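Residue numbers (the working numbering): 247 to 485.
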């Protein structure tokens, strides 16, 4: 096993989050972010930003969790493949996903069809426990885009409502009309921009987590096959 992989997901996330933080700091220092927020009277931009910050913290938690799982998986790679059983659990029950998968897949089952069925169920369970919590993140990514489009619709409504009921325009009416149209355009453009940028930044983080989760699952499956391939009989598990 490549020992450098154990904290790779955490290091990649820290690098990505540092770049995101630097981008926010730079836009705030230049006054760009304040200008965008001030133009949005609907506060949709603030909602999107809070979602981005909150879900980025969730990504950080998941990156730490996956790093710990990779670290625990490393212990099973150091086990001698020729031994006939796992002598005992290395970690408490439910703590290590790799341990639960390997202990489950190495149980004695006489029926070959039952073995294949159990292996498939264990693999599906491993995938769900590894990548399942990321689904809420992808839902929020889609929600950010929809919130941006909602702000766009609200902005155009503000623009169109400003021209309704106007017959004889005075200079004061023209000024008010231009102000409301500018306000509506600012809402539409600001929410769309923040929604798109937020969804891109958040999706990049969850894409990283999904790819590393897939790699974790693949390494577990490969390790299970290596244990079975070097044994003439099923493993006897000491629970």
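Glycine is no exception: its CB is placed at the ideal position from the N, C-alpha and C atoms.
In this text, all values refer to a predicted model and were calculated from it rather than measured experimentally.
Below 7 Å CB to CB, which residues in the same chain sit around residue 379 once its five sequence neighbours on both sides are set aside?
308
Between the Cα of residue 450 and those of 252, 417, 270 and 298, spot the shortest distance and give me the residue it belongs to.
298
Would you kindly report the start and end of the unbroken alpha helix (DSSP H) that includes residue 308?
Start and end: 290-323.
What did DSSP end up calling residue 416 once you bin it into helix, strand or coil?
coil
Could you give the distance in angstroms between the alpha-carbon of residue 202 and the alpha-carbon of residue 447?
No answer is possible for residue 202: it lies beyond the span of the chain, which begins at 247 and ends at 485.
By the three-class DSSP mapping on this structure, what secondary structure does residue 277 have?
coil
Tell me which residue opens and which closes the alpha helix (DSSP H) that residue 392 is part of.
381-407
Is the beta carbon of residue 454 less than 9 Å from the beta carbon of residue 255?
yes
So what does DSSP say about residue 337, is it helix, strand or coil?
In this structure, residue 337 counts as coil in the three-state DSSP scheme.
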